[in-house]
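In this text, residue positions in the sequence shown follow this note's numbering: the first is 193, and each later residue adds one.
Even glycine gets a Cβ: it sits at the ideal position worked out from N, Cα and C.
No experiment lies behind these values; they were computed from the predicted model shown.
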Amino acid sequence: ALSLYEKASEAFKATGDMENEALALGCKGQALLSMGKFAAAYTDLRGCLDLAGQFSSERHDRNGLLCEVHHALAQLCLRRKWYGVAWDHAVSAYELALEHPTARARGFAERAVAEVLTTAGAQPFDRRFVDDPDVYYQAASSAFKDVHAEGEIARTLFMQALSMSRRGRKMA
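If you want it as structure tokens, here you go:
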């Protein structure tokens, strides 16, 4: 899959198709993240952010892509124990989702906030947020239900179950 994402990214770059190049970089970055290749993942995810940031905010689901990548960067930072930077990415996703709300953007943004709250194990770094990750996991699940994103719903429920376990809570 990595070589396909790389070839796609190069082909889109050669033809000047920034939107699809950004999408290919984002997918490759997330694949690298899942493999634990943090430095390479960071490079591709940042590249995706840089390209997607150049699109008009009116472009189809630009913010959904940006929120998904900020979510991935928050996960990467959490794995590296860079909690402050992880929080910055979660807040960036959240603010983008508020600015131009789509269900996809809201889902990734809400889940990013929940994951940072769970992993950092601290009060939110911003008073706009409550300290209960379940609030954000439930909002993420609801947003993903709006677009029938079953895979993301399942992933959100799984992450919420892990969060509850870490916090010594049981699912009802």
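Does residue i pass the burial test, meaning 16 or more other C-beta atoms within 10 Å, or should it be called exposed?
i, result
"Arg359", "exposed"
"His340", "exposed"
"Gln267", "buried"
"Gln222", "buried"
"Tyr322", "Sequence check: residue 322 is Val here, not Tyr. Exposed: under 16 other Cβ atoms inside 10 Å."
Which two residues bound the contiguous alpha helix (DSSP H) that contains residue i?
i, result
"Thr311", "295 to 312"
"Lys220", "210 to 226"
"Gln145", "Examination of residue 145 is not possible in this model, given that the chain is present from 193 through 364 alone."
"Arg146", "Residue 146 lies beyond the residue range present for the chain, which begins at 193 and ends at 364; the question has no answer from this structure."
"Ser333", "325 to 338"
"Ser248", "Neither: Ser248 is in no alpha helix (DSSP H) and is coded neither H nor E."
"Trp279", "275 to 291"
"Phe204", "194 to 207"
Do residue i and residue j have their C-beta atoms closer together than 8 Å?
i, j, result
"Gly299", "Phe247", "no"
"Ala233", "Leu224", "yes"
"Gly239", "Arg296", "no"
"Tyr275", "Val305", "no"
"Arg303", "Ala332", "yes"
"Cys269", "Ala289", "no"
"Pro325", "Thr348", "no"
"Met351", "Tyr329", "yes"
"Ser249", "His292", "yes"
"Val283", "Asp318", "yes"
"Lys220", "Glu198", "yes"
"Ala312", "Trp279", "yes"
If residue i and residue j are in contact, beta carbons under 8 Å, what's the gap, nearest whole angstrom?
i, j, result
"Ala200", "Leu243", "At roughly 13 Å, the Cβ-Cβ gap does not stay under 8 Å, so Ala200 and Leu243 are not in contact."
"Asp236", "Leu265", "At roughly 11 Å, the Cβ-Cβ gap does not stay under 8 Å, so Asp236 and Leu265 are not in contact."
"Phe204", "Arg271", "Wrong, their Cβ atoms sit about 28 Å apart, outside the cutoff."
"Thr294", "Asp253", "6 Å"
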